[in-house]
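Each residue of the sequence shown is one higher than the last, beginning at -6 in our numbering.
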Amino acid sequence: MYNQRLRMVAKPPLGIVILAAGRGTRMRSERAKVLHAIAGKPFIVSVLETASALVPDRLAVVVGHDATEVERVCGAFFTRRPMAGTVSYPRQVEQRGTGDAVRAAAAAFEGFDGDVLILYGDVPGLAAPTLRALVEQHRANAATLSLLTTEIDEPTGYGRILRRPDGTLRGIVEQRDLDPADQAVREINPGIYCVRSRALWPALTRLRADNAQGEYYLTDIVAMAVESGEVVETRAVPDPGEVAGINSREDMANLEERARKALVEKWMRAGVTFRDRATVYIEEDVTIGADTEIGPNVQLLGRTTIGRGCELDGTALLRDATLGDGVHLRLGVVMTDCQVGDGSIIGPFAHIRPGTVLAEEVHIGNFVETKKAKVGRGTKANHLTYLGDCEIGTATNVGAGTITCNYDGFQKHRTTIEAGAFVGSDSQLVAPVTIGRDAYVASGTTVTKDVPRASLALSRVKQVNVEGWADRFREAKAKRKKSDDH
Ligand code: UD1
Ligand code: MG
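Spelled out as structure tokens, the structure:
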């Protein structure tokens, strides 16, 4: 115990620099590269998660392109997950390379004496244990510089790790500066380094931009350290996918596929059945209860929560939706920012919009749209209906083609349908209006006045039956046809 504490006290401070200033030319996007997302999560947020898991004393995110937006996204992350260490956002005004970017963080590390981890903002798959192992190896060997490496079948685009015949490290050469003989080197630089701060800042001032891209390459500090006889450590990452850099839309799609697969597998382990796992897309913050079955072509996004024993027939897009237990979504459902009680049945072809709160055992059927609708237990609206800005009591029947006319072109108005009411088919409820408890609205009624409890509202033009009219009409038609044919 005593020893352990002693070691903890003796640990040098840890700093982290994340490079996030680049535009990402190869992405062909107006947005900064690190703001693009995998499984709904911007790259920079994934990197921040990993970085903050190491509990650094100082963290600097170097920003440039879209600096304000990158800072905003980082700020929102730290609001959700506050960190003890100091956080700063040094600016790299002109993107002159990764070495220049780290240099921009120098001022933020004044008076800092410890190890600095350098991470690239476009490597979202990196996990904290890998990083922790790098720091441990670095410290255990009293290294000046340590870096991760990995072997990859298709190394094009990456900086290559060059070694001497005896296997010791020589340095890193970028793709564009490679000798043809080194093209085949499969050991690459994922761009994750741990450097002693005392060696880092002086090395950066010695960088030169005499390379194919005319940039200050951070990678050159590796050869510098080797040449001056410093201890330089490498650590191999077994799965190259974890440290893949995202430079293009294709790289993004590859990682997206990987992330999607991993999330589906996670939920299978938690007891969820997927009838076609290749066509299900789940974002990270989603949760799903055991014994839920999910059909093909389903997207579960944002903070969607699905209870136990639910059935999703397929073709559904849910964002920030909360489903209780035993909910059945039939084919073709779009749901946003809503709550659904246990045992409810929705669809096929239903649109459940923001602010909808359905109690237990509610039935919402085909071609029904709800918005800001609070619906009581056991209530049914099964066909062709719009329920907007309304509150509906328990055990109420809303007939086919019912429409809450909630908008007068200026304002939205509320409709209240009290418990046990029966709204006949093809009724329009012109809000603001209340249908009283146990009341009936006759089919085809336009309700413009409140309906008192247990009464009938009826607004139809009286029907007239003209007897024998149809026979006379047909006879007249037939006669005319005969004379026309002659
Ligand atoms: C870099 C490495 C390469 C490595 C690869 C791993 C260098 C010179 N090359 O190449 O060896 O195999 O990553 O993915 O370091 N950035 C800035 N300012 C700049 C330039 C870049 O902040 O001036 C940031 C970018 O936003 C990005 C990161 O640094 O997050 C990496 O830059 P990128 O241009 O993607 O470098 P690669 O060509 O991928
Ligand atoms: Mg890159």
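Where a beta carbon is used, it is the ideal one built from N, C-alpha and C, also for glycine.
With a threshold of 8 Å, the Cβ atom of VAL116 counts as near the ligand UD1, since some heavy atom of the ligand is closer than that. In this structure, ILE145 has its beta carbon at no less than 8 Å from each heavy atom of the ligand MG. Ranked by how close their Cα comes to the Cα of LEU12, the residues GLY413, LEU211, GLU167, GLN292 have LEU211 in first place. By the CB criterion at 9 Å, LEU322 and PHE342 fall outside the cutoff. For ALA13, the distance from the CB to the nearest heavy atom of the ligand UD1 is below 8 Å. MET76 is bridged by DSSP to nothing; it lacks a bridge partner. Exclusion of ASN247 from the 8 Å shell around the ligand MG follows from its C-beta lying no nearer than that to any non-hydrogen atom of the ligand.
Where ARG51 is concerned, the enclosing beta strand (DSSP E) starts and stops at 51 to 56.
In this structure, CYS187 sits away from LEU256, with a CB-CB distance that is not shorter than 9 Å. In the structure shown, VAL38 adopts helical secondary structure according to DSSP, grouped into three states.
The C-alpha of THR79 is placed about 6 Å away from the C-alpha of ASP50. When C-beta atoms of the segment 226 to 245 are compared with those of the segment 263 to 272, fewer than three pairs fall below 8 Å, so the two segments do not count as touching.
Contact annotation: CYS331 and ASP306 have beta-carbon atoms that are not nearer than 9 Å.
When secondary structure is reduced to three states using DSSP, LEU140 falls in the strand class. Residue state for GLN85 is assigned as coil, using DSSP reduced to three classes.
Cβ neighbours of THR395 within its own chain (closer than 6 Å, five residues either side excluded): THR378, VAL416, SER420. A distance below 6 Å between beta-carbons, with the five flanking residues on each side excluded, links TYR113 to the following residues of its chain, in chain order: LEU12, GLY184.
Only residues of its own chain outside the window of five on either side were considered, and among them ARG312, ASP313 have a CB closer than 6 Å to the CB of GLY295, listed in chain order. For the pair LEU28 and GLU64, the CB atoms are not nearer than the 9 Å cut-off.
When secondary structure is reduced to three states using DSSP, CYS303 falls in the coil class, being assigned neither helix nor strand.
Around ALA352, the same chain offers GLY334, GLY369, ARG370 as residues with beta carbons nearer than 6 Å, after the five sequence neighbours per side are excluded. Cβ neighbours of ALA450 within its own chain (closer than 6 Å, five residues either side excluded): VAL434, THR438, VAL440, VAL444.
The ligand MG approaches ASN240 closely enough that one of its heavy atoms is under 8 Å from the residue's Cβ.
Following the DSSP letters along the chain, one finds ARG467 inside the alpha helix (DSSP H) bounded by residues 462 to 478.
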